[in-house]
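Protein chains: 2
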Amino acid sequence: MRAIGIERGAERPALLEVPRPDPESGEALVRTLRVGVDGTDHEVIAGHHGGPPAGEDHLVLGHEAVGVVEAGAGPLEPDDIVVPTVRRPPNGEGNRYFERGEADMAPPGAALERGIDGAHGFMSEYFTSPAEYLIEVPADLAEWGFLVEPISIAEKALELAYASRSSFGWEPETALVLGNGSLGLLTVAMLRADYEVYCVGRRDRPDPTIDIIEALGATYVDSRETPVDEVPAVYEPADLVFEATGYAKHAFRSVEALGPNGVAALLGVPEPWTFEVDGGRLHKEMVMYNKAVVGSVNSGPRHFRAAVDRLAAMPEWFLEDLLTRVVPVESFEAAFEESKTTIKTAVEFEP
Amino acid sequence: MRAIGIERGAERPALLEVPRPDPESGEALVRTLRVGVDGTDHEVIAGHHGGPPAGEDHLVLGHEAVGVVEAGAGPLEPDDIVVPTVRRPPNGEGNRYFERGEADMAPPGAALERGIDGAHGFMSEYFTSPAEYLIEVPADLAEWGFLVEPISIAEKALELAYASRSSFGWEPETALVLGNGSLGLLTVAMLRADYEVYCVGRRDRPDPTIDIIEALGATYVDSRETPVDEVPAVYEPADLVFEATGYAKHAFRSVEALGPNGVAALLGVPEPWTFEVDGGRLHKEMVMYNKAVVGSVNSGPRHFRAAVDRLAAMPEWFLEDLLTRVVPVESFEAAFEESKTTIKTAVEFEP
């Protein structure tokens, strides 16, 4: 069957011919519909993150997938629409994180990540997965189901952020989303009903992401004009900061962007970068204003389920505008092209 | 009546003669037994923090008090032993923090602090307080009741830390307490039943705080030999870091001292201090390992109540060793002397 993968040492993904997998006991066989592409894929392709399974010379890409069950398992029956979670036990052996259903809390080394690190992804005509790692999606969301994974990433970060504020009466009103990539925009769409939302980017108008931010009723903040730590003075303090840029200075400036009792959720994965901070001031701010910073990676089954509901509530126009292009598998290269007008791309298999 | 206070511009506390307060409606009159001295008092005396009530030229010190009710109010009756909470509404006007019983979550400016900022403290023969701000203490804890306030500070920080880890199955085993002052030692005593505890200081042996740490079954870590970020390599990673030093570099190094899914609670209040950090690495650590950092200040009624139970469970030998000296009010100067062998002091009024 056809698969899109990256070969060890290669600089670009390639169309590979790989064997169609046979489901083992407890596994479903899934026919792939669409697979989204995100920043992590680009990091994997660049060799900055993850890599092929042990002993193999290529990695099938793709961790944002939606497919249709061909051979059921557990509660899953043929024609069910499903989205796979990403993490799998290393060496097929579980550990306490998997036993708890919280593989997302496993540290690096205690989990493989399909399509990213040590396990083949979903960008192939078929894939298999234990039923426990497949989340059902209503049939009418099949075409958008590849967005469940990125939405689940935001769900988990928000869950950790809210948990950190759960010991007192927290009534957040203002959210600052750092990053106007697809994850940032999905998060703006998630938060806009409950928050006054600001979204930070560094782009000139006209720009399709700025159009989406404003159409969602949020305010675009150009960080070249207003650095993150100046947002409270120019706009207003944020109760919640959602960092989805991987720009490390944002993480530190977030503390000053927060209002009293606020929380910053960090999701980006920057490279090492040494710079000066007023550490005394940041430390004091954290304490005197009861602020919190939480890091968050990956997501688990409950976040996927919450993401399905969240996706169902998103307006069609937003999803249409977010999705720059869907390309058939034979034109996969176009899904990996980055440009100023590209927001989100996906590879489509037999529809 | 006699009170210990700091006059505006003075460098040392003085014995003052002030009017005995008359309880207003809803207020109890409390005869003071003991008042502890801590680092915040020294900061107030040095003029680095807080100050007298608006329009007054002195501040009665003391925020760690225990006393006996002379004139009751609400549920309080004469002879009840009580400990006062510290924060009071500014201008006698409440706000949403006070309305929720969560004055500890009020930002600076939305609360006065008795004995610290804008309201007289408890280091006087008598004080008055609305009954709602007085926490009952069993009579047999009267002599140690002044420790309820500092213990409550740790209770709140732990509450925020635990809340931040409440969305997943967190099973912490190792705690790293930064600081071997009285708050650090009280925290070691609080955590030792549930954690393998390490306590960081920068003192040579022989030292009374190191003796206490070891007698509590904890391990003393000299940060001059083992910086906080090297604790995982030399000892083990910490699930919980409790920072009680105000040393800003500790706050940043704490992130690297944590194991996967760990949380650092910051309590210190440093001055501005600019230094270099590998912000990229810290940011990535936070994300990839789902780490959290929470700041915490002050404490509320439920933390005081928890602290009463916690105090009751502390061994007598520990309290005796912690309390370096108790001085009668006429010798109050000795309670403010700092030395390498001073851990905790208190001023005693008529016993």
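Order-wise, the sequence lines are chains A and B.
The first sequence runs -7 to 343 under this note's numbering.
The second sequence runs -7 to 343 under this note's numbering.
Yeah, the Cβ is synthetic: ideal placement off N, Cα and C, and Gly gets one too.
The alpha-carbon of B/F234 is positioned some 17 Å away from that of B/W162. Bounds of the beta strand (DSSP E) holding A/S121 are Y118 to P122.
In this structure B/A103 touches B/Y89 by the C-beta definition: roughly 7 Å separates them, less than 8 Å. Between A/P76 and B/V75, the alpha-carbon positions lie close to 55 Å from each other. Here the segment 53 to 67 of chain B lies against the segment 24 to 43 of chain B, with 3 or more beta-carbon pairs under 8 Å apart. According to DSSP, residue pairing for B/T24 in a beta bridge involves B/G59.
Look at B/M182: its C-beta is not under 8 Å from any C-beta on chain A. DSSP, reduced to helix, strand and coil, places A/A257 within a strand of the structure shown.
The alpha-carbon separation between B/L311 and B/W136 amounts to approximately 8 Å. Proximity of A/R273 to chain B, defined by a Cβ-Cβ separation below 8 Å, is satisfied. The beta carbon of B/H242 sits closer than 7 Å to the beta carbons of L170, V220 and E235 from its chain, once the five residues preceding and following it are set aside; these are given in chain order. At the C-beta level, A/A146 and A/L178 come within 8 Å of one another. Counted as a single uninterrupted DSSP element, the stretch harbouring A/D301 is not any beta strand (DSSP E) but the alpha helix (DSSP H) occupying residues P293 to A304. Distance from the Cα of A/L68 is smallest, within the candidate group A/K336, A/D96, A/A123 and A/N87, for A/A123. Think of a sphere of 7 Å around the beta carbon of B/V286: the chain A residues whose beta carbon falls inside it are S156 and A284, in chain order. About 4 Å separates the Cβ atoms of A/G113 and A/G54, confirming a contact at the 8 Å cut-off. Going by DSSP, B/G101 is part of no alpha helix (DSSP H) at all; its letter is neither H nor E. Counting the other CB atoms within 10 Å of its CB gives B/P142 a total of 16 or more, which places it among the buried residues. Contact annotation: the segment 281 to 296 of chain B does not touch the segment 193 to 207 of chain B, with fewer than three C-beta pairs closer than 8 Å. Less than 8 Å divides the Cβ of B/V52 from the Cβ of B/G(-3). Identification of chain B residues near A/Y281 by a Cβ-Cβ cut-off of 9 Å yields P99, P100, G287 and V289, ordered along the chain. Only those residues of the segment 241 to 255 of chain A whose C-beta falls short of 7 Å from the nearest C-beta of chain B are listed: K241, A243, F244, P252 and N253. Under the three-state reduction of DSSP, A/P67 is assigned to coil, being neither helix nor strand.
In the three-state reduction of the DSSP assignment, B/T32 falls in the helix class, which pools H, G and I. Chain A places a beta carbon closer than 8 Å to that of B/G161, counting this residue as a contact. B/F267 belongs to the set of residues whose beta carbon lies under 8 Å from a beta carbon in chain A.
Counting only the Cα atoms, B/H34 lies some 28 Å from B/A207. Beta-carbon to beta-carbon, B/A131 and B/I73 are separated by about 5 Å, close enough to satisfy the 8 Å threshold. When the beta-carbon positions are compared, A/A155 and B/S158 come within less than 8 Å of each other. Listed along chain A are H275, K276 and V279, each with a C-beta nearer than 9 Å to that of B/G260. Residues of chain A whose Cβ lies closer than 7 Å to the Cβ of B/P264 are, in chain order, D270, G272 and R273.
About 6 Å separates the beta carbon of A/A20 from that of A/S121, a gap short enough to meet the 8 Å contact definition. Those residues of the segment 78 to 110 of chain B placed with their C-beta closer than 7 Å to a C-beta in chain A are R92, E94, M97, P99 and P100, ordered along the chain.
The beta carbon of B/R216 is closer than 7 Å to those of R194 in its chain, skipping five residues each way along the sequence. Interface with chain A (8 Å Cβ-Cβ cutoff): B/E151 is included. The beta-carbon distance between A/V279 and A/F244, rounded to whole angstroms, is 16 Å. This is too long to meet the 8 Å contact definition.
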